[in-house]
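Sequential numbering of the sequence shown, starting at -11, is according to our numbering. Quick reminder that beta carbons are idealized off the backbone N, C-alpha and C, glycines included. Just below is one structure, and these are the notes that go with it.
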Amino acid sequence: MKEFLRRGGWVFLALLFVVTALGVGVYAFVSNTHPAGSNDYISCGKQSVGKQKPGKDGKYAGTTLVDYTPVNHVSYVKCEDLKVGTGAVATPTSTVTATYTGALADTGLIFQSSLDTGQPFTAQLNGGVIPGWQAAIPGMKVGGTRRIMIPAQYAYGAQSVGGIPPNSDLVFDVTLLAVK
């Protein structure tokens, strides 16, 4: 009986080792194949790009986003800090004032820019903007510029809005001017 219990103990330890190793392997795989951050659908990094220039008519809408390579599909919210700000930090409950340029992710064609009107955009992050902005703007500092890639389900989904076709993945360059 003692021999059986001793062998059973070793079998139990061996199984525990195998299960633990598998668990660590699965965790490592998931953490390396999913974006970092508090949400599994957002990832932020750093990049540098040139300055956006208006078209011949002096407007940004209808031109192509500078230093942007079109993508066929955006699977999760991605953001890149083009310039890191030095001011106040936006939180999920902040009201932000920003300038933005929005383009279709698959072509880079700009559909709207607040730079065309010269009027910055002010909104509360929790409920006043699309979910992609709600996820990507917190943590951004005033004075910074962030490029945000947004899948359709975190933008306007199946709706057609202001020249944006239904189910369109979007890209925005956002410069944060103020946080309240």
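Note down the Cα distance separating residue i from residue j, rounded to an integer number of angstroms.
i: Thr163; j: Val54; result: 15 Å
i: Ser63; j: Ile118; result: 16 Å
i: Lys168; j: Val84; result: 6 Å
i: Val77; j: Arg(-5); result: 59 Å
i: Val(-1); j: Gly116; result: 58 Å
i: Lys44; j: Ser148; result: 27 Å
i: Gly73; j: Pro154; result: 33 Å
i: Leu113; j: Gln122; result: 5 Å
i: Tyr144; j: Gly75; result: 30 Å
i: Phe152; j: Val59; result: Position check: residue 152 holds Ile in this sequence, whereas Phe was assumed. So the two alpha carbons sit approximately 16 Å from each other.
i: Gln100; j: Arg135; result: 15 Å
i: Thr95; j: Leu165; result: 27 Å
i: Cys199; j: Ala124; result: Beyond the ends of the chain as shown, which are -11 and 168, falls residue 199; an answer cannot be given.
i: Gly46; j: Gly150; result: 20 Å
i: Pro126; j: Thr52; result: 27 Å
Given that a residue counts as buried once 16 or more other Cβ atoms are within 10 Å of its Cβ, and exposed if not, what is residue i?
i: Leu103; result: buried
i: Leu3; result: exposed
i: Leu1; result: exposed
i: Ala93; result: buried
i: Thr105; result: exposed
i: Lys39; result: exposed
i: Ala24; result: Here the model assigns Ala24 a pLDDT of 41, short of 50, so the residue's position is not dependable and the matter cannot be decided.
i: Gly120; result: buried
Would you check if the distance between the CB atom of residue i and the CB atom of residue j is smaller than 8 Å?
i: Tyr142; j: Ala91; result: no
i: Met137; j: Val159; result: yes
i: Thr89; j: Tyr48; result: yes
i: Ala140; j: Asp157; result: yes
i: Phe109; j: Ala146; result: no
i: Lys71; j: Gly132; result: yes
From the DSSP output, read off the bridge partner residues of residue i.
i: Tyr88; result: Val162
i: Ile138; result: Leu158
i: Ile152; result: Val149
Looking at the structure shown, is residue i part of a helix, part of a strand, or coil, going by DSSP?
i: Gln100; result: strand
i: Gln70; result: For clarity, residue 70 is Leu in the given sequence; the question names Gln instead. Correct three-state label for Leu70: strand.
i: Gln147; result: coil
i: Glu111; result: The question names Glu, but residue 111 in the sequence shown is Ala. Strand, per DSSP.
i: Val117; result: coil
i: Thr59; result: For the sequence presented, residue 59 should be read as Val rather than Thr. Reduced to three states, the DSSP call for Val59 is coil.
i: Val54; result: coil
i: Lys81; result: Per the sequence presented here, residue 81 reads as Thr, with Lys not at that position. It is coil, neither helix nor strand.
i: Val65; result: strand
i: Val(-1); result: helix
i: Thr133; result: strand
May I ask you to check if the CB of residue i is nearer than 7 Å to at least one heavy atom of the ligand SAM?
i: Gly116; result: The ligand SAM is absent from the structure shown, which contains no ligands of any kind.
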